[in-house]
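Heads up, our numbering is the position in the sequence shown plus 1, with the first residue counted as 1. Worksheet: the structure to be examined is printed underneath.
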Amino acid sequence: MQDCPAPFTGYRVSTKFFHKNEGRYFVLLITPEGRKTTTSLARYTLSIKEGRLLGRNETADHIDNNRLNDHPDNLQVLSSRDNSKKYRDFSGIKHNAVDLICPICGRSFTKRRNQTHLVKPSVHKITVCSRKCSGILSTKGLSCCVVDVSRNIVREYKEKA
Ligand SMILES: [Zn+2]
């Protein structure tokens, strides 16, 4: 157990653990009064990033829709309502989407299949996460890769029958 930063000052936190049914990471917190409580790693991380506890009606949204990517840069506060809307929109395209790992920065992300090198021609035969990484790729080439290129495509979603 470790001491927590604000806004969890006085709390202790366990290392993250994977919750199979929820399909995401959680942490165990011990309150200053010694009570045990669990919260998702996303919610915990975002509270620290925001410097405040999230409200009852606020959720920790994964910007790239990958619930395993709990990096602070990938988390934002959304109302429960906006979060479910985002999820519905995303599920709509999910059947023609691909999960990828950016070979340049190692971030995981999801793209429509037709925006990847599986459909669009690409000199390097890979797809990167952002304009920034695409810039790095074109100036430095693949020598700056942090991820094995063969791992670029993680999973493809079949089109709805
Ligand atoms: Zn990247």
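Note that the Cβ used here is the ideal one computed from N, Cα and C, for glycine as well.
>> Tell me which residues pass a beta-carbon proximity test against ligand 1: closer than 6 Å to any heavy atom, given in chain order.
In response: Cys103, Ile105, Cys106, Arg108, Val129, Cys130, Ser131, Cys134
> On the premise that Lys112 lies in contact with Val99, defined as a C-beta separation below 8 Å, what is that separation, rounded to the nearest angstrom?
Replying inline: Along the sequence shown, one-based indexing puts residue 99 at 98. Along the sequence shown, one-based indexing puts residue 112 at 111. The pair is a contact, with the Cβ atoms about 6 Å apart (cut-off 8 Å).
> Using DSSP with H/G/I as helix, E/B as strand and the rest coil, what is Glu59?
Replying inline: By 1-based counting over the sequence shown, the position of residue 59 is 58. Strand at Glu59.
>> For Asp4, which residues in the same chain have their Cβ closer than 7 Å to its Cβ, ignoring the five residues on either side in sequence?
In response: Translated into the one-based positions of the sequence shown, residue 4 becomes position 3. These residues qualify, in order along the chain: Arg13.
> Going by C-alpha distance, which of Leu42, Val147, Ala61, Gly142 is nearest Tyr88?
Replying inline: As a first step, residue 88 is located in the sequence shown; it is residue number 87 there, counting from the start. Looking at the Cα atoms, Ala61 is the closest of the given residues.
> According to the Cβ coordinates, are Leu173 and Leu47 closer than 8 Å?
Replying inline: The question about residue 173 has no answer here: the residues shown for the chain are numbered 2 through 162.
>> Among the candidates Gly142, Asn97, Gly107, whose CA atom is the shortest distance from the CA of Ser123?
In response: Position 122 of the sequence shown, counted from the first residue, corresponds to residue 123. When each option's Cα is compared against that of Ser123, the closest is Gly142.
> Can you find at least 3 beta carbon pairs, one from the segment 101–108 and one from the segment 49–63, that sit closer than 8 Å?
Replying inline: no
> Between Val155 and Ile127, which are expected to be in contact by the criterion C-beta below 8 Å, what is the C-beta distance as a whole number of angstroms?
Replying inline: Residue mapping note: residue 155 aligns to position 154 of the sequence shown, counting from 1. Residue mapping note: residue 127 aligns to position 126 of the sequence shown, counting from 1. Contact flag wrong, Cβ pair sits at about 13 Å.
>> Going by C-alpha to C-alpha distance, which of Arg44, Ile137, Asn66, Asn67 sits closest to Gly56?
In response: Counting from 1 along the sequence shown, the entry for residue 56 is found at position 55. Nearest option by C-alpha distance: Arg44.
>> Can you tell me whether Asn153 is buried or exposed? The criterion is at least 16 other CB atoms within 10 Å of its CB, across all chains shown.
In response: In the sequence shown, counting from the first residue as 1, residue 153 sits at position 152. Per the 10 Å Cβ criterion, buried.
>> Is the separation between the beta-carbon of Leu29 and that of Lys37 shorter than 8 Å?
In response: Position 28 of the sequence shown, counting from 1, holds the residue named residue 29. Position 36 of the sequence shown, counting from 1, holds the residue named residue 37. For Leu29 and Lys37, yes; Cβs fall inside 8 Å.
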